[in-house]
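First the structure, in the form of structure tokens, and then the observations on it.
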Amino acid sequence: MTDQSKPVYSAPGRELTIVIPTFNERDNILPMLELLDVALLSIGWEVIFVDDDSPDGTAALVRDIAQNRLNVRVVERIGRRGLSSAVVEGILASSAKYVAVMD
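Structure follows, in structure tokens:
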């Protein structure tokens, strides 16, 4: 199989997905994105915030940011909670070659 005929398993330019489970983390979203921008400057990356229906509007903020940033996504879980299952959902939503989890 030549390089041109190999299947592509990740979105163009997305080598890494960072999965971040959240609950009431609204105030931390923008600082986290700023730090990721600096730390991951040299690679294609995306971040998926997996939010457990935070009452502080975490998911709504991430959705607003995602309107202008193609590398930011949110999975909002309503009626479900738990760190392990949030991580699994974030990983399943990724199309990147590599996944990292931050908690």
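Residues 7 to 109 in our numbering are what the sequence shown spells out, letter by letter. All residues carry an ideal CB built from backbone N, CA and C; glycine is no exception. Treat the numbers as computed from the prediction; the structure is a model and nothing was measured.
Run through the segment 18-94 for me and flag every whole beta strand (DSSP E) of 3 or more residues, listed as ranges in chain order. Entirely contained in the segment 18-94, the beta strand (DSSP E) runs reaching 3 residues are, in chain order, 22-28, 51-57, 78-82.
Residue burial classification, A45 (beta-carbon count within 10 angstroms, cutoff 16): Taking the first residue of the sequence shown as 1, we reach residue 45 at position 39. Counting Cβ neighbours within 10 Å, A45 comes out exposed, since fewer than 16 surround it.
Contact set for V105: own chain, Cβ-Cβ below 7 Å, skip 5 residues either direction: For the purposes of this step, residue 105 is taken as the residue at position 99 of the sequence shown. Around V105, the same chain offers T23, V25, I97 as residues with beta carbons nearer than 7 Å, after the five sequence neighbours per side are excluded.
Just checking, does the segment 88-103 make contact with the segment 67-76 on the three C-beta pairs under 8 Å criterion? In short, these stretches do not touch, since the Cβ pair count stays below three.
Is the CB-CB distance between P27 and D109 below 9 Å? Taking the sequence shown and counting its residues from 1, one reaches residue 27 at position 21. Taking the sequence shown and counting its residues from 1, one reaches residue 109 at position 103. Taking 9 Å as the Cβ cut-off, P27 and D109 qualify as a contacting pair.
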